[in-house]
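J.: Quick one: this structure, given as structure tokens, is what I'll be asking you about.
Numbering (my numbering), first residue to last: -13 to 209.
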């Protein structure tokens, strides 16, 4: 009887050990399969421009014109996730349209419509339908004041506006534009100039007051 109990006990223990071994052996196999690492987002390196009076697509590559490419990219890439900030103008107030397509090698990433001569200043449009069947939220934006000149330097047939770029368009600016140098004065710079003006006026006012006080003192002594 004791021998039978021991036999049943050992059999039960064997079943438990076998079950545990199978569970331990299979579970790690399911978890050990490494997940495929996420591919880093493709970096843009080509920009194409099409539009009015452009017979052949203008192609700007990062490899050949790095600064010009960066200038063009900075005109549009900030709109990729931005909220719409302007309303659509009527077609007769938009002026000529130029489509900017940003690519990573042969893969199109983004596309925007630029209106550098729109009434009231440059405008930009982000279509809800993006390249490679990507979807976005349609939006209208106020473009940068540098947009017409950056497009012109890129080969778009627009009239030159040297007042937009510090130092005019000579000296090689037309070949390698730097948007940072072309950006208008910021708010901090304007406030700094106003502050200097107030300080200068305050100093002049103090000199006048001191002079008047001196004259008053001399007149009082004579009286």
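Even glycine gets a Cβ: it sits at the ideal position worked out from N, Cα and C.
Small disclaimer: the values here were computed from a predicted structure and weren't measured.
Can you tell me where the alpha helix (DSSP H) with residue 145 in it begins and where it stops?
T.: Note, residue 145: premise wrong, no alpha helix (DSSP H); not H, not E.
J.: Leaving out five residues before and five after residue 62 in sequence, what residues of the same chain have Cβ atoms less than 6 Å from its Cβ?
T.: The residues are 86, 98.
J.: Find the nearest neighbour of residue 50 within the set 197, 32, 37, 38, judged by alpha-carbon distance.
T.: The shortest Cα separation from residue 50 among 197, 32, 37, 38 belongs to 32.
J.: DSSP three-state call for residue 35: helix, strand or coil?
T.: Looking at residue 35 - three-state DSSP - the assignment turns out to be strand.
J.: Which ranges does the alpha helix (DSSP H) cover as unbroken runs of at least 4 residues, wholly within the segment 52 to 97, from first to last along the chain?
T.: The segment 52 to 97 contains these whole alpha helix (DSSP H) runs: 52 to 62, 77 to 80.
J.: Answer with buried or exposed for residue 43, where buried requires no fewer than 16 other C-beta atoms within 10 angstroms of its C-beta.
T.: Residue 43 is exposed by the Cβ-count criterion.
J.: Are three or more beta carbon pairs between the segment 74 to 84 and the segment 52 to 62 nearer than 8 Å?
T.: With the cut-off at 8 Å, the segment 74 to 84 and the segment 52 to 62 do not touch.
J.: My assumption, with CB atoms under 8 Å, is that residue 72 sits in contact with residue 109. Please give the rounded CB distance.
T.: Indeed they touch by this definition, with Cβ atoms about 7 Å apart.
J.: Mark residue 26 as exposed unless 16 or more other C-beta atoms lie within 10 angstroms of its C-beta, in which case mark it buried.
T.: With fewer than 16 Cβ atoms within 10 Å of its Cβ, residue 26 is classed as exposed.
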